[in-house]
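Before any comments, here is the structure.
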Amino acid sequence: MQQVQGVVATGKGAAVGLETIRVPDPGPGEALVKVEACGVCHTDLHYREGGIGEDFPFLLGHEAAGRVESVGPDVTEVRPGDFVILNWRAVCGRCRACRRGRPWYCFDTHNARQKMTLADGRELSPALGIGAFAQKTLVAAGQCTVVDERVPPAVAGLLGCGVMAGIGAAVNTGQVGRGDSVAVIGCGGVGAAAIAGSRLAGAARIIAVDVDDRKLATAREIGATHTVNSRSTDPVAAIRELTSGFGADVVIEAVGRPETYEQAFYARDLAGTVVLVGVPTPEMKLELPLLDVFGRGGSLKSSWYGDCLPSRDFPLLVDLHLQGRLVLGAFVSETITLDGVEKAFERMRRGEVLRSVVLL
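Here the sequence shown stands for residues 62 to 421, numbered as in the numbering used here.
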């Protein structure tokens, strides 16, 4: 058992703070990881606001990279000293999806069995089964993906959630191909990553849509060929105008709201694809004319974690970064310390950052 410092959300809407965390020694199938960097993701803010569950207290943080410090019995995937990116979908290898050769759809992903606790013994709920706003965290060994240690931790960790979700939405789910036209609605961290993924896939036209000119400027730096401020311009009309009146081959909705999903639906070409990667809230409803769904053809897809397989995709994206083909540093707006997470949430709310990254 070890004691470390970690960022905890103790109640719905309450400011987060540093607490003493008790971390068990790894048991069978588990690994203890010394966290080196962890991105501040919107999902962490959703936990703080009670938008994901009410199992407070939450140990926040999940977009992380670090070093394996020790492992439990029978662990063969990783060993002490390995530099790893943490993932929140450790595949089981046994469920119907895994047996069919589609482990990225694994229906029985798992986390560490033992619980980390506060000093008073209260059990913590780690965000997405990780809890990496802490000096050390306990995870399932399958949540650790070994990557080239030459990649800086501050950018490596981003592949653990937002960047992977966005790139995967374009490449894996949307299957963007060379010469395609793509529109991305919402250019926060995930949307920006979808733009980067579309560029990697060879899209000819990449249209970024947002209400914030600062995010649109960043989108251009990452790979957008055109930008649309939907606060002042009808995005559907603009996307159609930029695609010879047809609409985009693939439209990626990275906001998670009914009104932006409807824009995505009508901004795609006939037989085009809509990919929902933005996360809606439970009360949201969508209404579309069923005849339009039928008549327009194509595909309406949801992208969960970018349909990624961490063991396959994380090392590949790290290699692309090291080759200079994927500039992960463009996603890092600032680096902070553990005690700066609450202020980072406020900057996130105001749209001032793409990603704040905690360095430990």
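Idealized CB from N, CA, C, for every residue including glycine.
Which parts of the region 124-168 are runs of the alpha helix (DSSP H), unbroken and 4 residues or longer, counting only runs that do not cross its ends? 157-160
What is the C-beta distance between Val312 and Ala328, in whole angstroms, given that I count them as a contact (C-beta under 8 Å)? Counted from its first residue, the sequence shown places residue 312 at position 251. Counted from its first residue, the sequence shown places residue 328 at position 267. The pair is a contact, with the Cβ atoms about 5 Å apart (cut-off 8 Å).
Excluding the five sequence neighbours on either side, which residues of its own chain have a C-beta within less than 8 Å of the C-beta of Gln66, listed in chain order? Stepping through the sequence shown from its first residue, residue 66 is reached at position 5. Around Gln66: Leu79, Glu80, Thr81, Ile82, Ala195, Gln196, Leu399.
Measure the CB-CB distance between Ser394 and Glu413 and report whether it falls below 9 Å. Here the question's residue 394 lines up with position 333 in the sequence shown. Here the question's residue 413 lines up with position 352 in the sequence shown. Taking the C-beta atoms as reference points, Glu413 is found nearer than 9 Å to Ser394.
Between the C-alpha atoms of Lys346 and Ala158, what's the straight-line distance to the nearest angstrom? Reading the sequence shown from its first residue, position 285 is the one you call residue 346. Reading the sequence shown from its first residue, position 97 is the one you call residue 158. Our two residues, Lys346 and Ala158, have alpha carbons roughly 29 Å apart in a direct line.
Just curious, the alpha helix (DSSP H) that Arg281 is in, first and last residue? The residue labelled residue 281 in the question sits at position 220 within the sequence shown. Its alpha helix (DSSP H) spans residues 274-283.
Under 9 Å, do Thr234 and Ser363 count as touching if we go by C-beta distance? As a first step, residue 234 must be located in the sequence shown, where it is residue number 173. As a first step, residue 363 must be located in the sequence shown, where it is residue number 302. Against a cut-off of 9 Å, the Cβ pair of Ser363 and Thr234 comes out as a contact.
Can you say whether Phe355 is buried or exposed, counting buried as having 16 or more other CB atoms within 10 angstroms of its CB? Mapped onto the sequence shown, residue 355 falls at position 294. Counting Cβ neighbours within 10 Å, Phe355 comes out exposed, since fewer than 16 surround it.
If you pair each beta-carbon of the region 91-102 with each one of the region 133-142, do three or more pairs fall below 8 Å? yes
For Arg81, write down the residues that DSSP places opposite it in a beta bridge. In the sequence shown, counting from the first residue as 1, residue 81 sits at position 20. Here residue 81 is Thr; the residue named in the question, Arg, does not match the sequence. Paired residues: Gln66.
Ala332 versus Ala217: straight-line alpha-carbon distance, rounded: Position 271 of the sequence shown, counting from 1, holds the residue named residue 332. Position 156 of the sequence shown, counting from 1, holds the residue named residue 217. Taking the straight line from one Cα to the other gives about 36 Å.
Note the first and the last residue of the continuous alpha helix (DSSP H) segment covering Leu261. Locating residue 261 in the sequence shown gives position 200, where the first residue counts as 1. Element bounds for Leu261: 250-261.
For Ala298, count neighbouring Cβ atoms within 10 angstroms of its own Cβ and tell me buried if that reaches 16, exposed if not. Translated into the one-based positions of the sequence shown, residue 298 becomes position 237. Looking at its Cβ environment, which holds fewer than 16 other Cβ atoms inside 10 Å, Ala298 is exposed.
Would you say Leu199 and Ala173 are within 9 Å of each other, going by their C-beta atoms? To locate residue 199, count along the sequence shown from 1; it is residue 138. To locate residue 173, count along the sequence shown from 1; it is residue 112. Yes, they are a contact pair.
May I ask which residues mark the beginning and end of the alpha helix (DSSP H) holding Lys404? In the sequence shown, residue 404 corresponds to position 343, counting from 1. The continuous alpha helix (DSSP H) containing Lys404 extends over residues 402-410.
For a test of the three-state rule: what should DSSP assign to Glu462, helix, strand or coil? Because the chain spans 62 through 421 in this model, residue 462 falls outside it and cannot be assessed.
Just to confirm my understanding: we take Pro376, look at its own chain, exclude 5 residues before and 5 after, and list those with CB closer than 6 Å. What are they? Within the sequence shown, the letter at position 315 stands for residue 376. Excluding residues within five positions, the ones whose Cβ falls inside 6 Å are Val208.
Using three-state DSSP, classify Ala92 as helix, strand or coil. By one-based count along the sequence shown, residue 92 stands at place 31. Three-state result, Ala92: strand.
Span separating the alpha-carbon of Gly111 from that of Ser305: In the sequence shown, residue 111 corresponds to position 50, counting from 1. In the sequence shown, residue 305 corresponds to position 244, counting from 1. C-alpha separation (whole angstroms): 44 Å.
Under 9 Å, do Ala244 and Ala180 count as touching if we go by C-beta distance? As a position in the sequence shown, residue 244 is number 183, starting the count at 1. As a position in the sequence shown, residue 180 is number 119, starting the count at 1. No, they are not a contact pair.
Considering just the uninterrupted stretch of the beta strand (DSSP E) at Ala2, what are its terminal residues? Nothing about residue 2 can be reported from this structure: the residues present for the chain run from 62 to 421 only.
Span of the beta strand (DSSP E) around Asp374: In the sequence shown, counting from the first residue as 1, residue 374 sits at position 313. It is not in any beta strand (DSSP E) - Asp374 instead sits in the alpha helix (DSSP H) that spans 371-383.
Beta-carbon proximity list for Arg266, same chain, < 6 Å, skipping 5 on both sides: Taking the sequence shown and counting its residues from 1, the one referred to as residue 266 is at position 205. Cβ neighbours of Arg266 beyond the five flanking positions: Ser242, Thr286.
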